[in-house]
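Peer 1: Sharing a structure below in structure tokens format, with a few things to ask.
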Amino acid sequence: MTDAPHGAARAGRRGAATSPLPAAFFDRPPQVVARELLGAVVVSELDGVRTAGRVVETEAYLALEDPASHGHGARRSARNAAMFGAPGDWYVYRIYGMHWCANLVCEPEETASAVLLRALEPLEGLDTMRARRGLATGRDDRLLCAGPGRLCAALGITRALDAQPMAASAVRVLAGAPVGPVRATTRVGITKAADLPLRFVVDGSRWLSRG
DNA sequence: GCGCCGATTGGCT
DNA sequence: GCCAATCGGCGCC
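Numbering-wise (the working numbering), the first sequence opens with residue 190 and increments by one.
Below, the structure is given as structure tokens:
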């Protein structure tokens, strides 16, 4: 079966009975949440199809003090309104007019901090992921969920999720097995506050959007 | 109102 | 490695 999970990452299945991460998990600074989200399992049940992946790369976006964040200066707009919502809410926005980026809101309401999901290790529904991504059933599944836009496409995530409480939505995040060493690096693709080590990766994972 | 730019991706030189 | 695709937000006229 081509949808067989990869390697050790069966935590999602074993923990299938586990409930979504609680709001309290997200009611902490985004850099803490970003690090601890590594290893969590994202399960999508959109379009009546189940797809799932394990988080291997995240980025933290702070509120007021982070010029790279959409929450910078607490400026509210139609796009970033969800960022001001409750911890554990989805914040999904469109980037470059064509791709979706999925975040989980952190800290109390009105704080406007979040964690961006940047890469997943594909676990379930790989055929569906390939179809959604327009990739042949051929090789290199490494590109399926390696990047914020790619993982959203693979899981079927769109603005429809925006501002929804994750735990009650069609895409839930479950606690996963512990991961290996975590490495912190600078964030990808930003020009402001580009020196802050707010990107977290499972060191050595082959599923990262970049090393 | 106008123009520029972005938490990206994929295709081509 | 370079660049187009594509569009809402934001700065500035």
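Built from N, CA and C at the ideal position, the CB exists for glycine as well.
1. Per DSSP, what kind of secondary structure is residue 237 in: helix, strand or coil?
2. Run through DSSP, which three-state label would residue 270 get?
3. Evaluate contact between the region 239-257 and the region 300-317, counting only Cβ atoms and requiring at least three cross-stretch pairs below 8 angstroms.
4. Do you know whose CA, among 342, 296 and 270, lies nearest residue 233's CA?
5. Do you know offhand how far residue 300's Cα is from residue 330's?
6. Count the other CB atoms, across all protein chains shown, that sit within 10 Å of the CB of residue 284; report buried if there are 16 or more and exposed otherwise.
7. Out of curiosity, what's the CA-to-CA distance linking residue 231 and residue 290?
8. According to DSSP, is residue 308 part of a helix, a strand, or is it coil?
9. Does residue 242 come out as helix, strand or coil in the three-state DSSP assignment?
10. Find the nearest neighbour of residue 333 within the set 222, 365, 267 and 315, judged by alpha-carbon distance.
11. According to DSSP, is residue 341 helix, strand or coil?
Peer 2: Taking the structure as given:
1. The residue you call residue 237 lines up with position 48 of the first sequence. Helix at residue 237.
2. Position 81 of the first sequence, counting from 1, holds the residue named residue 270. Note: residue 270 maps to helix in three-state DSSP.
3. yes
4. Here the question's residue 233 lines up with position 44 in the first sequence. Measuring from the Cα of residue 233, the nearest candidate turns out to be 342.
5. Position 111 of the first sequence, counted from the first residue, corresponds to residue 300. Position 141 of the first sequence, counted from the first residue, corresponds to residue 330. Taking the straight line from one Cα to the other gives about 37 angstroms.
6. On the first sequence, residue 284 is found 95 positions in, with the first residue counted as 1. Counting Cβ neighbours within 10 Å, residue 284 comes out exposed, since fewer than 16 surround it.
7. Counting from 1 along the first sequence, the entry for residue 231 is found at position 42. Counting from 1 along the first sequence, the entry for residue 290 is found at position 101. Each residue's alpha carbon lies about 14 angstroms from the other.
8. For the purposes of this step, residue 308 is taken as residue 119 along the first sequence, with counting starting at 1. Three-state result, residue 308: strand.
9. Working through the first sequence from its first residue, we reach residue 242 at position 53. The answer is strand: DSSP assigns residue 242 an E or B state.
10. Here residue 333 corresponds to residue number 144 of the first sequence, with the count starting at 1. Residue 333 has its Cα closest to that of 315, out of 222, 365, 267 and 315.
11. Residue numbering aside, residue 341 sits at position 152 when the first sequence is read from its first letter. If DSSP states are grouped into helix, strand and coil, residue 341 belongs with the helices.
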